[in-house]
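Single-structure report; data block below.
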Amino acid sequence: MNIAFLSATGNRFALVDGFAGHWPDDPAALARAVCVSGGLDGVLLVGPPTGGGACRMQIWNADGSRAEMCGNGMRCVGRFVVERGYVERDDFDIETDVGRRAIHVLRKPNEQWSARVELGVPRHVETKEIGVDTAKGVWWRSAVLVDLGNPHCVFFVEDPASAPVAEVGSALQTHSEFPRGTNVEFAAPNGNQLSMRVWERGVGETASCGSGACAAALAAILQGRVQSPVEVAIPGGWLIVERDERGVLWLTGSIEALADPRDAARA
């Protein structure tokens, strides 16, 4: 099986090359095995297009569940297909479970890669009061619920570093408000920037989440806390989120190659 390993601002993925052969028969089992052994956040299956794009992808979380879309994953796919010569242009569409998404891939002379990818127009946004039982009592907050094709629950907090990310994030996966589970963002505006931590559905706390950054930035824009474009600081680095005149969200950030984690296991 032909696999590459890439990181998008700390979101670590294994990319399975479906151009070079068949996709795995049991991608859920592959995701669980590869992510646990390699410390990865998910597996991206990449192959030839079937619906008018330049390539298609599937996203499988570390727990073996399938995600509808992934902003950072799409950026990794963009680098992957350009670097391997499967796509010979910088601007193209990626086919995902939520439709085609446009991407622009940029490689600088020093081999630094980045990509700007379309996350689309949010399907639904609403504000709700959410309560979660914690060791310190019920944690009540006003949350902004954002559907980008995958679900997000954004909380604005004073300091993400001290937010109960694991306790609240894990509890919301079985909350009645979120029958599909949800990604959970804890964000703090500072000028026209956001600092953020995230609990990803099917993974846990991660160093980065592209769609989560977009959800948090959108929530902050709609509440008048920031203006587009928004710089988002996450543990893995920086992302830039833009909202264009049509309401479409765009995500920009770096993409780095990773060493094969299987090599360390063999050593």
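Heads up, our numbering is the position in the sequence shown plus 243, with the first residue counted as 1. Yeah, the Cβ is synthetic: ideal placement off N, Cα and C, and Gly gets one too.
What number of angstroms, rounded off, separates the C-alpha of residue i from the C-alpha of residue j?
{"i": "residue 260", "j": "residue 278", "result": "17 Å"}
{"i": "residue 271", "j": "residue 384", "result": "34 Å"}
{"i": "residue 333", "j": "residue 289", "result": "17 Å"}
{"i": "residue 328", "j": "residue 358", "result": "16 Å"}
{"i": "residue 367", "j": "residue 462", "result": "12 Å"}
{"i": "residue 502", "j": "residue 292", "result": "28 Å"}
{"i": "residue 370", "j": "residue 354", "result": "42 Å"}
{"i": "residue 382", "j": "residue 409", "result": "13 Å"}
{"i": "residue 295", "j": "residue 440", "result": "35 Å"}
{"i": "residue 303", "j": "residue 268", "result": "13 Å"}
{"i": "residue 335", "j": "residue 326", "result": "14 Å"}
{"i": "residue 244", "j": "residue 276", "result": "14 Å"}
{"i": "residue 435", "j": "residue 346", "result": "25 Å"}
{"i": "residue 419", "j": "residue 351", "result": "47 Å"}
{"i": "residue 356", "j": "residue 349", "result": "6 Å"}
{"i": "residue 430", "j": "residue 375", "result": "17 Å"}
{"i": "residue 399", "j": "residue 488", "result": "25 Å"}
{"i": "residue 483", "j": "residue 280", "result": "31 Å"}
{"i": "residue 407", "j": "residue 460", "result": "20 Å"}
{"i": "residue 258", "j": "residue 485", "result": "27 Å"}
Compare the C-alpha of residue i against each of the options and name the closest.
{"i": "residue 494", "options": "393, 366 and 453", "result": "453"}
{"i": "residue 256", "options": "285, 301, 458 and 330", "result": "285"}
{"i": "residue 457", "options": "400, 419, 316 and 389", "result": "389"}
{"i": "residue 445", "options": "346, 306, 301 and 412", "result": "306"}
{"i": "residue 318", "options": "372, 360 and 269", "result": "360"}
{"i": "residue 249", "options": "400, 343, 265 and 321", "result": "321"}
{"i": "residue 471", "options": "499, 437 and 448", "result": "437"}
{"i": "residue 415", "options": "330, 372, 403 and 316", "result": "372"}
{"i": "residue 324", "options": "343, 298 and 429", "result": "298"}
{"i": "residue 242", "options": "282, 280, 341 and 281", "result": "Outside the shown range of the chain, which is 244 to 510, sits residue 242, and nothing can be said about it."}
{"i": "residue 476", "options": "403, 465 and 282", "result": "403"}
{"i": "residue 449", "options": "273, 287, 274 and 315", "result": "315"}
{"i": "residue 465", "options": "251, 282 and 387", "result": "387"}
What do you get for residue i, buried or exposed, if any count of 16 or more other CB atoms within 10 angstroms of its CB means buried?
{"i": "residue 405", "result": "exposed"}
{"i": "residue 490", "result": "exposed"}
{"i": "residue 427", "result": "buried"}
{"i": "residue 417", "result": "exposed"}
{"i": "residue 497", "result": "buried"}
{"i": "residue 422", "result": "exposed"}
{"i": "residue 499", "result": "buried"}
{"i": "residue 363", "result": "buried"}
{"i": "residue 378", "result": "exposed"}
{"i": "residue 247", "result": "buried"}
{"i": "residue 265", "result": "exposed"}
{"i": "residue 263", "result": "exposed"}
{"i": "residue 401", "result": "exposed"}
If residue i sits next to residue j, beta carbons under 8 Å apart, how far is it from one beta carbon to the other, in whole angstroms?
{"i": "residue 432", "j": "residue 469", "result": "6 Å"}
{"i": "residue 504", "j": "residue 253", "result": "The pair is not a contact, with the Cβ atoms about 15 Å apart (cut-off 8 Å)."}
{"i": "residue 392", "j": "residue 312", "result": "5 Å"}
{"i": "residue 480", "j": "residue 451", "result": "7 Å"}
{"i": "residue 300", "j": "residue 331", "result": "That belief does not hold up - the Cβ atoms of residue 300 and residue 331 are roughly 18 Å apart, past 8 Å."}
How about residue i: is its C-beta nearer than 8 Å to some C-beta of chain B?
{"i": "residue 479", "result": "The structure shown contains no chain B; it is built from a single protein chain."}
Is residue i close to the ligand MN? I mean its beta-carbon at under 7 Å from any heavy atom of the ligand.
{"i": "residue 285", "result": "Absence of the ligand MN from the depicted structure is noted, as is the absence of any ligand whatsoever, leaving it without description."}
*Which runs of the beta strand (DSSP E), 3 residues or longer, sit entirely within the segment 371-415?*
380-390 and 394-399
*Taking the runs of the beta strand (DSSP E) that are 3 residues or longer, which of them lie wholly in the segment 409-452?*
426-433, 436-443 and 447-449
_Threshold first: 4 residues or longer. Then list the alpha helix (DSSP H) segments lying entirely within the segment 244-282, N to C._
270-281
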